[in-house]
Amino acid sequence: MDEIQGERIRALNSRGLQRGEYVLYWMQSSVRTEYNHALEYSVERANALDLPLLVFFGVTDKYPNANLRHYRFLLEGLEEAKGSLEDRGIRMIVQHVSPEMGAIALSGGSAMTVVDVGYTRELKAWRRKVAERIGCPLIGVESNVVVPVEAASIKEEYSAATIRPKIAKKLPLYLVPLRERELQNQSVDFDARASDFSNLGEVLGKLEIDRSVGRAEMFQGGTSSAMKRLDEFIDGRLDDYAEFKNDPTKDVVSNLSPYLHFGHISPLHVALEVDGVDSPGKESFLEELIVRRELAINFVNYNKDYDSFECLPEWCRKTLGEHASDPREYTYSLAEFERAETHDPYWNAAQAEMVMTGKMHGYMRMYWGKKILEWSRGPEEAYRIAVRLNDKYELDGRDPNGYAGVAWCFGKHDRPWKERPVFGKIRYMNDRGLRRKFDADLYVKKVGDL
DNA sequence: ATCGGCTCGCGCAA
DNA sequence: TGCGCGAAGCCGAT
């Protein structure tokens, strides 16, 4: 049985195979050697053509909203991926170049080019450009979802309830292990002007990036860190996950989202590991990892306005519009929010947690977004502020999960509730809810101790 | 502490 | 066409 399901693979142009020196794998979204369908597919094709494989990653310093925090994490993962590819006899080059331009240049020597698939507009635009410009086939492979996006649904889904049965139906087909293929021809003879990755600090120093957001000390990028976290999560915290996942004073969440965002770990690999144990938290975690995460990806894939107010369903925009001029008890600017200068110690703690650690607890993300809606001058401005702060400070920012998370705070994937000022029919949350569910003051103290 | 109402639209049953 | 039901809730009534 071929474990790389056909629905994961798509030709992105209609060029024929070329007489090339190698097969090129343009790595972009799946920076790992384990459980990487694009890599294994590339190895299969290289073996079938009796060609060596060349893996390429382009590091651009122009990626929107990315800063030192994100680049450091990215590069830590890249360094590890490069090493583990070499252990498999696969040559990887990393260049300081705009990824699509680097892929176009290297495709000049390739028989065919393979790329792993991401869903945000920057990644789609790069793929489109490469597909048009190169003379050989460009093949996209989906490895960062359990169920390929269009296999799950061919349209934007309305809610978790509508996508859940569709994913459940397809799951047996895709929740299966991926075998590692051995590359036959390891004689790649390519004199690349590749960046030297022996010194990560030096590479970071060369990039012209925003350095105002510092390293997230708690998170070290790379597959081995991700796997270590996964093991610790399954052994120590999964049992309590269902009961305490919404309690930010407890340490029960997996903290894998930065690794999933940068492709340092495969969601399929995580799902299989968790599925293989007997734990009361299993079902709840798989719901988050697969149904919620892939609902978010469905949203970004099918809704071109995924990072702005315009993405919201009609009833949300209408009700928020009707309350746009309601008096606000408090209003803050982007800068005030950013500096955590609101009157609310819980909100400030959540913001501080994100700025300091690079990852806000999932439950607080809801409260955080709801309050930005409540305390901004209007819903469109609130939307921009929430997306901006999320993208800038979260290690898992600039990701479908983040965009869907912000959208949910404004009513997306949710239902209407009793109408009230400012929110209209959008679900409301307040600080009493936090105190009802957990020791909110302990959370403030915990963040203060960081 | 617990319960019902709030309110829209999807999708299935009929 | 009717009807059940839905990511994380709130609020007032009992």
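Residue 124 in the working numbering is what sits at position 25 of the first sequence, and the numbering runs on without skipping anything.
The beta carbon of each residue, even a glycine, is placed where N, CA and C say it ideally should be.
My output table needs one value for residue i: the three-state DSSP class, helix, strand or coil.
i    : result
Q117 : coil
R109 : strand
V246 : coil
V546 : helix
L274 : coil
N164 : coil
Y124 : strand
F436 : helix
V154 : strand
L42  : Absent from the model: residue 42. The displayed extent of the chain is 100 to 549, so no value can be given.
V454 : helix
M574 : Residue 574 lies beyond the range of the chain shown here (100 to 549); nothing can be said about it.
A260 : helix
V142 : helix
L419 : helix
L222 : helix
Y429 : coil
K254 : coil
K447 : For the sequence presented, residue 447 should be read as Asn rather than Lys. Residue state, collapsed to three classes: helix.
H442 : coil
I103 : coil
D540 : helix
Could you give the distance in angstroms between the alpha-carbon of residue i and the alpha-carbon of residue j?
i    : j    : result
A260 : H512 : 9 Å
G369 : P426 : Rather than Gly, the amino acid found at residue 369 in this sequence is Val. Their Cα atoms are separated by approximately 46 Å.
K254 : N397 : 8 Å
F156 : A204 : 12 Å
K161 : P379 : 44 Å
H422 : E479 : 12 Å
Y571 : L549 : The requested residue 571 is not part of the displayed model; the chain covers only 100 to 549.
G457 : G239 : 30 Å
S252 : C410 : 18 Å
V390 : E382 : 11 Å
G504 : L150 : 44 Å
M326 : E178 : 16 Å
V546 : R314 : 17 Å
N400 : N500 : 12 Å
Y631 : K344 : This structure does not reach residue 631, given that the chain is present from 100 up to 549, and the question cannot be answered.
P520 : L472 : 11 Å
A202 : R416 : 40 Å
G532 : K470 : 13 Å
S242 : L371 : 14 Å
R438 : L167 : 19 Å
H460 : L270 : 28 Å
W507 : R464 : 10 Å
W225 : Q283 : 30 Å
E440 : G477 : 19 Å
Look at the Cβ atom of residue i, then the Cβ atom of residue j, and state whether they are nearer than 8 Å.
i    : j    : result
V130 : H363 : yes
Y482 : F509 : yes
S311 : F332 : no
W446 : P515 : no
F537 : L488 : no
P163 : E221 : yes
E393 : V244 : yes
F361 : G496 : no
L329 : L355 : yes
V246 : I233 : no
S365 : Y121 : no
E102 : V216 : no
Q104 : Y273 : yes
V158 : M126 : no
D374 : L367 : no
L174 : L299 : yes
A210 : R109 : no
A165 : I262 : no
Y431 : A449 : no
Hey, residue i and residue j are a contact pair by Cβ (cut 8 Å); roughly how many whole angstroms apart?
i    : j    : result
L116 : C235 : 7 Å
P357 : F318 : 5 Å
V85  : R190 : Here the chain comprises residues numbered 100 to 549, so residue 85 is not present and cannot be evaluated.
G468 : A451 : That belief does not hold up - the Cβ atoms of G468 and A451 are roughly 16 Å apart, past 8 Å.
G188 : Q285 : 4 Å
V248 : L237 : Contact doesn't hold; Cβ gap of about 18 Å is too wide.
A303 : Y429 : The amino acid at residue 303 is misidentified as Ala; the sequence shows Leu. So it is not a contact: roughly 39 Å between Cβ atoms.
S141 : L152 : 6 Å
- Uninterrupted alpha helix (DSSP H) stretches inside the region 367-417 (no shorter than 4 residues): 381-385 and 392-401
- Message: If we require 4 or more residues per run, which alpha helix (DSSP H) segments fall completely within the region 277-359?
- Response: 299-305, 322-335 and 337-343
- Within the region 160-214, note down every full alpha helix (DSSP H) run reaching 4 residues or more, in order along the chain. 167-186 and 198-206
- Which ranges would you report for the beta strand (DSSP E) in the region 467-534 if only whole runs of at least 3 residues count? none
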